[in-house]
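Peer 1: Chains as they are written, first to last, in the numbering used here: chain A, 1 to 221; chain B, 1001 to 1221. Sending over a structure as structure tokens; questions will come in a sec.
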DNA sequence: TGGCTAAATATACGCTGTATGTTTGTCAAG
DNA sequence: CTTGACAAACATACAGCGTATATTTAGCCA
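The structure is reproduced here in structure tokens:
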């Protein structure tokens, strides 16, 4: 029985399974809760066994990040650039929100995983095909990515669902003295009163960038 | 002598001094290298002494982040909104770049430090005074902040100085097979060849956002 | 069947944040 | 001038971390 179990577990540990379980753990409890020991336990193995399949924790996180990037809907280089960029950005936002731990390590290191390279290539390709020069395409991609990254990072830490948004504002309101922070106080008051919601802000900011890029493309050509 | 030294050190430890030294450490070696033990050593004290002035490590980082935010040039609520927003964004970018460790904890937690509240109040106030409604001001601030945060986070991890940018591209070029990633390969080739540089991209993307906001303001009024 | 190899394991080291309990310097009141 | 209270610095200890190193084990091929 013990022997059988051990036999059954033998050879069944793979890099993919480790990444799977690590992502499940990070999705559920965040990156801080991700330890090699807990990952090992989740896949039913001793901590050091992981190191037969992953160089170290950093490289494990790299693999997790590239897995996340692979979920992003990359553009078709031949497609219409604006729709493609928009779809990619919306997809990125959704994916990065689903894996709320991923944004920081994605931006915070230079990842050369295949999914990351594929996405960068497809994005630049689409822009170049549409008439942007390579430098312009690079600038455009940077501007779009900046918006997505920055927005998602803000989004991850503040509640975006309407009622959570309102409740948070109502909760913080007492700690914002009106004499010192009159504008901030009023903003929180209006939010707490349900006067507006925040969850379409992403596409608002995105279209600001895309509109600007569209104008730039025609003015430069 | 020993007694004198101890006497001299008595009562001289303050919260500000701890934050000072912690920031120096983080600036020099990054957040990962920041441990309570090293901070204690830097201020010349036993690790546990820090806890008389700081609740725990998280709150210490909160204090460090608020100190960073206090270096940002906040807008004057009465000033012209576009210039004010532009100056604030440029200042944020410079400050966050100088303290390269600060962006993640700044965005990654809900900070209620006085500097953070002051900045949010001044920014919203300036926009509201300029004619934006509160919801509009909130959207505008979110869009601007998204760009700054996202850009800085990308900037911190890639070399932005022209020669470093070129060198990095040249170094990565061999690991980007032209058959698989043709566009990315060509982009890296052009960068490595010095055909363009990246360090004015920030203001390019920022103006995209600001132009869009300006159009929006006149179209809605 | 008997080695060879790769994968799983056991042990151990130096590091982390911080709970807990003790000592010590300082200042106010008697 | 002394004494008692209080806060701040200290010492010790614990559980957890990543992972270097050495060892055992299981599966395959000759």
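For every residue, glycine included, the Cβ atom is placed at its ideal position computed from N, Cα and C.
Roughly how many angstroms separate the alpha carbons of residue 48 of chain A and residue 187 of chain A, rounded to a whole number?
Peer 2: Taking the straight line joining both Cα atoms gives about 52 Å.
Peer 1: Please give the ranges of any beta strand (DSSP E) in the stretch 1079-1135 of chain B, keeping only runs that are unbroken, at least 3 residues long and fully inside the region.
Peer 2: Runs of the beta strand (DSSP E) inside the stretch 1079-1135 of chain B: none found.
Peer 1: How about residue 1099 of chain B: is its C-beta nearer than 7 Å to some C-beta of chain A?
Peer 2: Cβ-Cβ to chain A under 7 Å: no for residue 1099 of chain B.
Peer 1: So with CB distances below 8 Å, who are the chain B contacts of residue 204 of chain A?
Peer 2: Going along chain B in sequence order, the residues near residue 204 of chain A (Cβ under 8 Å) are 1139 and 1143.
Peer 1: Check whether the Cβ atoms of residue 147 of chain A and residue 205 of chain A lie closer than 7 Å to each other.
Peer 2: Yes, the pair counts as a contact, with Cβ atoms nearer than the cut-off.
Peer 1: For the candidate residues A:64, A:29 and A:45, whose alpha-carbon lies nearest to that of residue 113 of chain A?
Peer 2: Considering only alpha carbons, the answer is A:64.
Peer 1: Pair every Cβ in the stretch 159-177 of chain A with every Cβ in the stretch 1027-1039 of chain B, then say whether three or more of these pairs are closer than 8 Å.
Peer 2: Segments in contact, no.
Peer 1: Which chain A residues sit within Cβ distance under 7 Å of residue 1186 of chain B?
Peer 2: Within chain A, the residues near residue 1186 of chain B are 134.
Peer 1: Can you find a C-beta in chain A that's less than 7 Å from the C-beta of residue 1146 of chain B?
Peer 2: Closer than 7 Å to some Cβ of chain A, the Cβ of residue 1146 of chain B qualifies, so yes.
Peer 1: May I have the straight-line CA-CA distance separating residue 71 of chain A from residue 1207 of chain B, to the nearest angstrom?
Peer 2: Looking at the two C-alpha atoms, the distance is approximately 31 Å.
Peer 1: Looking at the unbroken alpha helix (DSSP H) that takes in residue 219 of chain A, where does it start and where does it end?
Peer 2: Unbroken alpha helix (DSSP H) run through residue 219 of chain A: 201-220.
Peer 1: Does the Cβ-Cβ distance between residue 111 of chain A and residue 62 of chain A come in under 7 Å?
Peer 2: Yes; because the gap between Cβ atoms is below 7 Å, this pair is in contact.
Peer 1: May I ask you to report which of helix, strand or coil DSSP gives residue 182 of chain A?
Peer 2: The answer is helix: DSSP assigns residue 182 of chain A an H, G or I state.
Peer 1: Judging by CA-CA distance, which residue of B:1018, B:1085, B:1200 and B:1024 is the nearest neighbour of residue 1102 of chain B?
Peer 2: Answer by Cα proximity: B:1024.
Peer 1: Do you know offhand how far residue 1121 of chain B's Cα is from residue 1136 of chain B's?
Peer 2: About 14 Å.
Peer 1: How do the stretch 88-101 of chain A and the stretch 48-58 of chain A stand: do at least 3 beta-carbon pairs fall below 8 Å, yes or no?
Peer 2: Flag = no, the stretch 88-101 of chain A and the stretch 48-58 of chain A do not touch.
Peer 1: Helix, strand or coil for residue 1033 of chain B per DSSP?
Peer 2: Helix.
Peer 1: Beta-carbon of residue 7 of chain A versus every beta-carbon of chain B: anything under 7 Å?
Peer 2: Note that residue 7 of chain A scores 40 on pLDDT, short of 50, meaning its location in the model is unreliable; the coordinates nonetheless yield the value given after this. Closer than 7 Å: no.
Peer 1: Measure the CB-CB distance between residue 223 of chain A and residue 39 of chain A and report whether it falls below 7 Å.
Peer 2: Past the edges of chain A, shown from 1 to 221, lies residue 223 of chain A, and the structure says nothing about it.
Peer 1: Anything in chain A within Cβ reach of residue 1107 of chain B, meaning under 8 Å, just list it in chain order.
Peer 2: Ordered by position in chain A, the residues that pass the 8 Å Cβ test against residue 1107 of chain B are 150, 153, 154 and 157.
Peer 1: Express the C-alpha separation of residue 1133 of chain B and residue 1084 of chain B in angstroms, rounding to a whole number.
Peer 2: About 17 Å.
Peer 1: Does any residue of chain B have a CB that is nearer than 7 Å to the CB of residue 104 of chain A?
Peer 2: Yes - at least one Cβ of chain B is within 7 Å of the one on residue 104 of chain A.
Peer 1: Tell me whether residue 221 of chain A is buried or exposed, calling it buried when 16 or more other Cβ atoms sit within 10 Å of its Cβ.
Peer 2: Counting Cβ neighbours within 10 Å, residue 221 of chain A comes out exposed, since fewer than 16 surround it.
Peer 1: Is there at least one Cβ from chain A nearer than 7 Å to residue 1004 of chain B's Cβ?
Peer 2: Bear in mind that the predicted position of residue 1004 of chain B carries a pLDDT of just 35, short of 50, making it unreliable; the figure below should be weighed with that in mind. Judged by the 7 Å Cβ criterion, residue 1004 of chain B is not in contact with chain A.
Peer 1: Buried or exposed, going by whether 16 or more other CB atoms sit within 10 Å of the CB of residue 195 of chain A?
Peer 2: Exposed, by the Cβ-count rule.
Peer 1: I need the DSSP call for residue 1159 of chain B, collapsed to helix, strand or coil.
Peer 2: In this structure, residue 1159 of chain B counts as coil in the three-state DSSP scheme.
Peer 1: Measuring straight from C-alpha to C-alpha, what distance separates residue 1218 of chain B and residue 1139 of chain B?
Peer 2: Roughly 16 Å between the two C-alpha positions.
Peer 1: Would residue 1124 of chain B pass as a contact of residue 1081 of chain B if the rule is Cβ separation under 7 Å?
Peer 2: No, these two residues do not count as a Cβ contact at 7 Å.
Peer 1: For residue 1158 of chain B, is the classification buried or exposed, using 16 other Cβ atoms within 10 angstroms of its Cβ as the cut-off for buried?
Peer 2: It is exposed - the Cβ of residue 1158 of chain B has fewer than 16 other Cβ atoms within 10 Å.
Peer 1: Which two residues bound the contiguous alpha helix (DSSP H) that contains residue 13 of chain A?
Peer 2: Counting along the chain, residue 13 of chain A falls outside any alpha helix (DSSP H), and DSSP gives it neither H nor E.
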